[in-house]
Amino acid sequence: MMLQLELVEPSGWFHVPLTDNPKKPTHTLMLQIAVLANHQNGGDTHMRQIKIYTLVEESSIGKFPRCTAIDFMMYLSIR
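Written out as structure tokens, the structure reads:
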């Protein structure tokens, strides 16, 4: 699915629904947001925060055994 939204002199928050049916979530591996043009005579457009909400569902991640190999533990947290 590809969605294009044009905003004229944007200011504040904008809610962009990614699906036509709010009861059925959109399944995706990647979300790409691109600013194709600046406004105010070429002034930079800033996105200060992007919030993505999803339905809460039980995950099987907690059922996996803990990683104990050093190769895996190097990537266990963000530095």
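According to the UniProt record's numbering, the sequence shown is numbered sequentially starting from 1.
Here a beta-carbon is modelled for each residue, glycine too, at the ideal position from N, C-alpha and C.
These figures come from a predicted structure and were not determined experimentally.
| Of all the alpha helix (DSSP H) runs that stay within the bounds of the UniProt domain "DOC" (1 to 79), which reach a length of 4 or more residues? | 70 to 73
| Rounded separation between residue 72 and residue 58 - CA only | 24 Å
| query | Do you know how far the Cα of residue 63 is from the Cα of residue 8? | reply | 48 Å
| query | Would you report the Cα separation of residue 20 and residue 14, rounded to the nearest angstrom? | reply | Spanning the two alpha carbons is a distance of roughly 17 Å.
| request: Could you say which of 1, 10 and 55 lies nearest to residue 24 if we only look at CA atoms? | output: 55
| field | residue 38 versus 27, 46 and 75, residue with shortest Cα-Cα distance | value | 46
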